[in-house]
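A.B. asks: Have a look at this one before I ask anything.
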Ligand code: ADP
Ligand code: ADP
């Protein structure tokens, strides 16, 4: 589904964040990226939906090479949902309005349809009772579940998660991981940067270990965690 070939990323300040990173994410796969802080995990994730440009190498989406201006980046981003460490919800919009905003703007679906979808998604992430309140009245775990529903509202082919539980109090990590597990079980293609090794071991089809901008290991979890 997404292939990266010898991808290098050098930031304007000279930081060499990715070094010849070659990966192949297949449809329906759950790939977990682990590695120390600063090893390039977040940069790698952001190159997949072109939030970050690459310095050299190639990224191929569904067989089509992406070169800067030639591909429709907005279209690509609609097909790739992203969830960040910080939830980035709009504080002046209700939970339901947060989920409805992007699909109303870009997909040409009717408002009635978008409302029904938002309600279904919020029910699915366990927030049926919280649809009409403002994000500031929710716990961190609930806000992150809204952020996941908001990303799903675009009906993406693929979901990227950048340390989705790192900003949460420990007791809220489980509820977010449970939503992610159910997505994985339904066959969603997912790339997840996380320090949650239990999730990686249990849910990942493959685990990629990065260090100092390079991909050190790309293997099934049994081969990475099984020896411990
Ligand atoms: P990780 O997600 O593994 O913590 P990052 O991808 O965030 O790693 O960062 C990789 C390296 O790139 C780090 O040395 C970081 O300081 C650097 N870096 C990340 N973002 C930028 C940026 N916007 N400009 C310059 N350097 C950056
Ligand atoms: P993460 O590892 O989750 O990306 P960081 O703390 O490394 O978190 O980065 C937070 C933000 O700061 C990111 O948007 C990243 O691009 C930016 N950033 C990180 N390192 C640098 C840097 N050396 N120079 C400029 N921006 C940076």
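Numbering (this note's numbering), first residue to last: 48 to 275. Using N, Cα and C, we set each Cβ at its ideal position, and we do this for glycine too. These numbers were taken from a predicted model, which means no experiment stands behind them.
I'd like the ranges of any alpha helix (DSSP H) spanning at least 4 consecutive residues and lying wholly in the region 50-86.
C.D. replies: none
A.B. asks: At the 9 Å Cβ level, is residue 251 part of the contact set with chain D, yes or no?
C.D. replies: Absent from the structure: chain D. Only one protein chain is present.
A.B. asks: Is residue 86 near ligand 1, with its Cβ less than 8 Å from a heavy atom?
C.D. replies: yes
A.B. asks: Helix, strand or coil for residue 219 per DSSP?
C.D. replies: helix
A.B. asks: Whole angstroms are fine: how far does the CA of residue 131 sit from the CA of residue 158?
C.D. replies: 27 Å
A.B. asks: Starting from residue 213 and walking both ways along the alpha helix (DSSP H), at which residues does that stretch end?
C.D. replies: Taken as a continuous stretch (DSSP letters only), residue 213 belongs to no alpha helix (DSSP H), as it is neither H nor E.
A.B. asks: Expressed to the nearest angstrom, what Euclidean distance is found between the alpha-carbon atoms of residue 210 and residue 243?
C.D. replies: 9 Å
A.B. asks: How many angstroms separate the CA atom of residue 106 from the CA atom of residue 143?
C.D. replies: Rounded to whole angstroms, residue 106 to residue 143 spans 35 Å at the Cα level.
A.B. asks: For residue 263, is the classification buried or exposed, using 16 other Cβ atoms within 10 angstroms of its Cβ as the cut-off for buried?
C.D. replies: exposed
A.B. asks: May I ask you to report which of helix, strand or coil DSSP gives residue 130?
C.D. replies: strand
A.B. asks: Would you mind reading off the limits of the alpha helix (DSSP H) that contains residue 89?
C.D. replies: Annotation for residue 89: the continuous alpha helix (DSSP H) segment containing it runs 88-95.
A.B. asks: For the pair the region 216-234 and the region 254-272, tell me if three or more CB-CB distances fall below 8 Å.
C.D. replies: no
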